[in-house]
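Asks: Residue 790 is where the sequence shown ends in the numbering used here, and the numbering goes up by one at each step.
Backbone N, C-alpha and C fix where the C-beta goes; we use that ideal spot for every residue, glycine too.
First, the structure itself, so that you have it in front of you.
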Amino acid sequence: MARRSRWLPLLLLALARPAAAGWQDPAALLRSRDVTERLQAVELLRTSEHPKTERLLSGALGDRDWEVVERAAEALGEVGSPKAVGALIDVILDGPATRVRRAAALAAAALDPDEALADVAKKIGGRKTATALEAFPLLASAASEPRSPRNLEKLLGDRDSRTRAAAARARLTAAREDRAAVLGELLESEFVAVRAAALESAANDPRGGQVDLLGELLSRPALSGVIERRAVAALVSGLGALEPGAERVGEVSARVARLCGSVEPAAAARGPRLARAALRAGLVQPDDLRAALAAAFEHDGEGVRAQAVAVLGNIDAPWARERAIALGEGDPSARVRHASLSVLGAETVGEEAFDHAWFAARLSGDADPRVRERAAVALGRAGLEAAVGPLCEALEAAEWKVAAAAAVSLGHTRSAGAVDALARLSRSEAWRLRGAAVVGLSRCLRKEAVDPLIAALEDREPLVARTAHAYLTSLAREELEPRTEIWSAWWAENRDRLRMIDPKEVADRERRFGYSAPAARIYEGLDVMVLESRGDHIQKLLKTLGIDHRLSAAARVVNDGLDAAGVFVANCTGEIETEDVERLEWFVHVGGYLFTSCWALRETIERIEPGLVRKFETTGEVLDNVLASPCAPGSPYLEGVFTAGVRPIYALQGAHLIEVLQPERAEVLVDSPECTERWGSGDLACWFRLGHGVVLDSVNHFDLQGLELASQLKKREERMAYAMDHMGLSHARLRETRKAKWWENNLKAAREVRDLSVFQLVTNFVRLRRIQGK
């Protein structure tokens, strides 16, 4: 039904034509100069009987409009016969864009996969190798007896990484009886891209016979994240291919237990990650994994125990909660205790399951300040009056991060008892505490919090004054000068009639900030500060998109002031002074969102929070263009970043690649096998929570993405195809601009057609934050 719905407007228009302008049959419509009419013709042929349906649709495969070709191919796959395969082969091999060629391949697979596969296989090794390899797995998976072309083995060692990967996909898809043996050979390849491609194919087209092989692979001590993630996915798919029942459940549990019991910490940590994937796939129930995970909870490696605790967040069972509580109280590792509090205090934990007394005990009694900060953050729940006392006591903590987290959480409780404590703290001698108090007051949603916020407008620390002014402005919905007398007068006039509204109660919030909303609306009213630097220039993109922002620079962040409810973007190189680091550290811990690119990983993030992620050390400067892949299934942050048939290319300009040190806290969202193959690491984007805030890092530049670096493109049609394949250019946009002269030049085209994949990733964080009322 979903597939047909997108055609409905065209069909309704077509059916309305007899009354409006006289009926024209599809053959006549296909000759029209109007693309809309040609698309209507394709839909009519797909949904109604016509004596020349197949002939007309086959002819439409030669249309000059790429969307007409794509839809004609799709229609042939539904209503055509094997005779249409010949015409589809031409599109498969010579179609202008990946999505068009893919539509033709799927159609041929539906009509006569054996004939289509034989025709395509003949082209492997010649000038059409790239497109033939692209289509081969789609056809082979549907063929009755696929055979591997003789020259495929040679291509597994080709000079080009993408050719090797495509050959691996083709080789494994063609294997049936010898599937396990072929997979084993591919997994021993010296090339990471070959191994990764084989694992991706094994996940997409699983066989139960691959389970032992993948289990052995995951038990090896040294695996890159790129390979491990794909191996886990392939193993889960292979387990899912087994007959459902007790035997399969036992097999899953045994695999998890075997990994958890490994003496090698790296291998043992994969046990909990396999358990999480199996749970998400519905292969087992939580109780099925209780015994299997036991060894991980007792493992000598703190990283293994931390991973095991993190998995408990996916398990709704009394034993899981009891285990998390025990580790949160008694594990000797602060890292493990932090993981426990993160699970038990997650926002998704309901009111009945949340034990505020337990968190209060951790807040006052844990030896590690990071754990106490996590406890303070967790206690920041609306209406939780029982948390006010413990949080007020924590305002006296020796570590400012603990006190600041407590101040912000006090505001989140919305308690009347929080206002007086925060008002007193707003007069502290320490700017970090005054600032945290202002953030807390702005979260209270109480009228008695407004007077101390107005007083904070005169604070000598710019970030305190700016945070107060930003909140008051959002309250008044008008821009007034940041002077106490002006705001006092405004408050006197409006106090009685003003209603303090919880952002979460705004009925149209999800609609206003949904995925269809333009970027300018997502950032509307938000303080966006950009660090000017030598490498990256996201401000150019923000200007193009009409997003208001401020510019700062090294040694200027202090005086420019930060709004804790805002966004800070550290362009590469991200070099800042010590006082800047202190302000950004405060900014994130009290709730700000920090986005960084490239060198800012080392120059900004590592200076703010060392030990979570760091720059992966390479033997040379990383200069490359690599295909990027999503690697966090189901993540809301990836929504719209990787649209169907689009593979972004990350331009690495001296990039600082990512090495994740605590995977239970930092999640990798985007990776690249070919980057791993050439540089040792393929983790391209990751994020983590820090205090009340969030940090996101991407290894590439925000502005240097797209056609400006695709110097291999010489023809306008090549640029159009590149924009569609790697930048998500739509058929409609291409149609509007097809005759534009700027397609003749890379730089000119880059100014008109932008790769927004990385910016979309950033925007998703902002969007979800605003939907949640944060």
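(1) How do the stretch 546-556 and the stretch 585-592 stand: do at least 3 beta-carbon pairs fall below 8 Å, yes or no?
(2) Which runs of the alpha helix (DSSP H) spanning at least 4 residues fall entirely within the stretch 671-702, listed in chain order?
(3) Taking F152 as part of the alpha helix (DSSP H), name the residues at either end of that continuous run.
(4) Measure the C-alpha to C-alpha separation of S8 and D467 and round it to an integer number of angstroms.
(5) Taking the alpha carbon of M736 as the point to measure from, which residue in H717, F718, N716, K757 has its own alpha carbon closest?
(6) Secondary structure at P385, three-state DSSP: helix, strand or coil?
(7) Residues in the same chain with beta-carbon distance under 7 Å from R623, minus the five sequence neighbours each way, listed in chain order, please.
(8) List the DSSP bridge partners of K631.
(9) Can you give the Cα-Cα distance for A748 and V84, rounded to whole angstroms?
(10) In terms of alpha-carbon separation, which member of E263, T179, A340, G451 lies closest to P689?
(11) For the beta strand (DSSP E) that Y666 lies in, which residues bound it at each end?
(12) Confirm, please, whether the CB-CB distance from L122 to L154 is below 8 Å.
(13) Would you identify the three-state DSSP class for V544, choosing helix, strand or coil?
(14) Measuring alpha carbon to alpha carbon, tell me which residue in A184, D316, G329, V265 is nearest A307.
(15) Going by beta carbon distance, what residues of the same chain come within less than 7 Å of R117, once the five residues before and after it are set aside?
(16) Under 7 Å from any heavy atom of the ligand MN, does the C-beta of F611 make it?
(17) Using three-state DSSP, classify G38 as helix, strand or coil.
(18) Tell me which residue opens and which closes the beta strand (DSSP E) that D640 is part of.
(19) Thinking just about the alpha-carbon of each residue, which of W759, D79, L706 is nearest to the one in P724?
(20) Return helix, strand or coil for S240, following the three-state DSSP convention.
(21) Assign W828 to one of two classes, buried (16 or more other C-beta atoms within 10 Å of its C-beta) or exposed (fewer than that).
(22) Rounding to the nearest angstrom, what Cα-Cα distance links L55 and D564 in this structure?
(23) Counting C-beta neighbours from all protein chains within 10 Å, is the total for A37 16 or more, i.e. buried, or is it exposed?
(24) Does DSSP classify P626 as helix, strand or coil?
(25) Can we say the stretch 694-711 touches the stretch 344-352, given the rule of at least three CB pairs closer than 8 Å?
(26) Cα separation between D135 and L104?
(27) Quick one: is R187 buried, meaning 16 or more other Cβ sit within 10 Å of its Cβ, or exposed?
(28) Going by C-alpha distance, which of A43, R211, E59 is nearest E693?
(29) Cutting at 7 Å between CB atoms, please list the residues of its own chain near P25, excluding the five before and the five after it.
(30) Which residues in the same chain as A765 place their Cβ atom closer than 6 Å to its Cβ, once the five residues preceding and following it in sequence are excluded?
(31) So, is R783 buried or exposed, given that buried needs 16 or more other C-beta atoms within 10 angstroms?
(32) If you scan the stretch 60-132 from start to end, which runs of the beta strand (DSSP E) of 3 or more residues do you find wholly inside it?
(33) Tell whether a beta-carbon distance below 8 Å holds between A190 and P162.
(34) Taking the alpha-carbon positions, what's the I674 to S613 distance?
(35) Just curious, the beta strand (DSSP E) that T612 is in, first and last residue?
(36) On the premise that G670 lies in contact with E637, defined as a C-beta separation below 8 Å, what is that separation, rounded to the nearest angstrom?
Replies: Based on what the coordinates show:
(1) Segments in contact, yes.
(2) If we require 4 residues or more, the alpha helix (DSSP H) runs fully inside the stretch 671-702 come out as 689-695.
(3) Taken as a continuous stretch (DSSP letters only), the alpha helix (DSSP H) holding F152 covers 145-156.
(4) Residue 8 lies beyond the residue range present for the chain, which begins at 17 and ends at 790; the question has no answer from this structure.
(5) If we check each option's Cα against that of M736, K757 comes out closest.
(6) P385 sits in a helix when the DSSP states are folded into three classes.
(7) Closer than 7 Å at Cβ, skipping near neighbours: V597.
(8) Looking at the DSSP assignment, K631 forms a beta bridge with I674.
(9) Going from the Cα of A748 to the Cα of V84 covers about 11 Å.
(10) Relative to P689, the option among E263, T179, A340, G451 whose CA is nearest is T179.
(11) Here the beta strand (DSSP E) through Y666 covers 665-669.
(12) Yes; because the gap between Cβ atoms is below 8 Å, this pair is in contact.
(13) The three-state reading of DSSP puts V544 in strand, counting E and B together.
(14) For A307, the closest C-alpha among the options A184, D316, G329, V265 is that of V265.
(15) Excluding sequence positions up to five before and after R117, its CB lies within less than 7 Å of the CB of V107, I108, G111, T147, E150, A151, all in the same chain and listed in chain order.
(16) The ligand content of the structure shown is nil, which means the ligand MN is not present either.
(17) Here the model assigns G38 a pLDDT of 47, short of 50, so the residue's position is not dependable, and the following value carries that caveat. G38: coil per DSSP, three-state reduction.
(18) Segment 639-643, the beta strand (DSSP E) holding D640.
(19) In the sequence as displayed, the identity of residue 724 is Glu instead of Pro. Here the closest residue by C-alpha is W759.
(20) It is coil, neither helix nor strand.
(21) Because residue 828 is not part of the residues shown, which for the chain are 17 to 790, the question remains open.
(22) About 40 Å.
(23) Below a pLDDT of 50, predicted positions are generally treated as unreliable, and A37, at 44, falls in that range; the measurement from the model is reported next regardless. A37 comes out exposed.
(24) If DSSP states are grouped into helix, strand and coil, P626 belongs with coil.
(25) Proximity of the stretch 694-711 to the stretch 344-352 falls short of the contact definition, fewer than three beta-carbon pairs being nearer than 8 Å.
(26) A direct Cα-Cα distance of roughly 11 Å separates D135 from L104.
(27) Under this definition R187 is a buried residue.
(28) Looking at the Cα atoms, R211 is the closest of the given residues.
(29) Because the pLDDT at P25 is just 48, under 50, the model does not fix this residue reliably, and the value given afterwards should be weighed accordingly. Excluding sequence positions up to five before and after P25, its CB lies less than 7 Å from no other CB in the same chain.
(30) For A765, where only same-chain residues beyond five positions count, the Cβ hits under 6 Å are L723, R735, W758, W759.
(31) Taking a 10 Å sphere around the C-beta of R783, we find 16 or more other C-beta atoms and assign the residue as buried.
(32) You should have found no qualifying run.
(33) Note that the C-beta distance between A190 and P162 is below 8 Å.
(34) Each residue's Cα considered, the two are about 11 Å apart.
(35) Its beta strand (DSSP E) spans residues 609-613.
(36) Yes, E637 and G670 are in contact; Cβ-Cβ is about 5 Å, under 8 Å.
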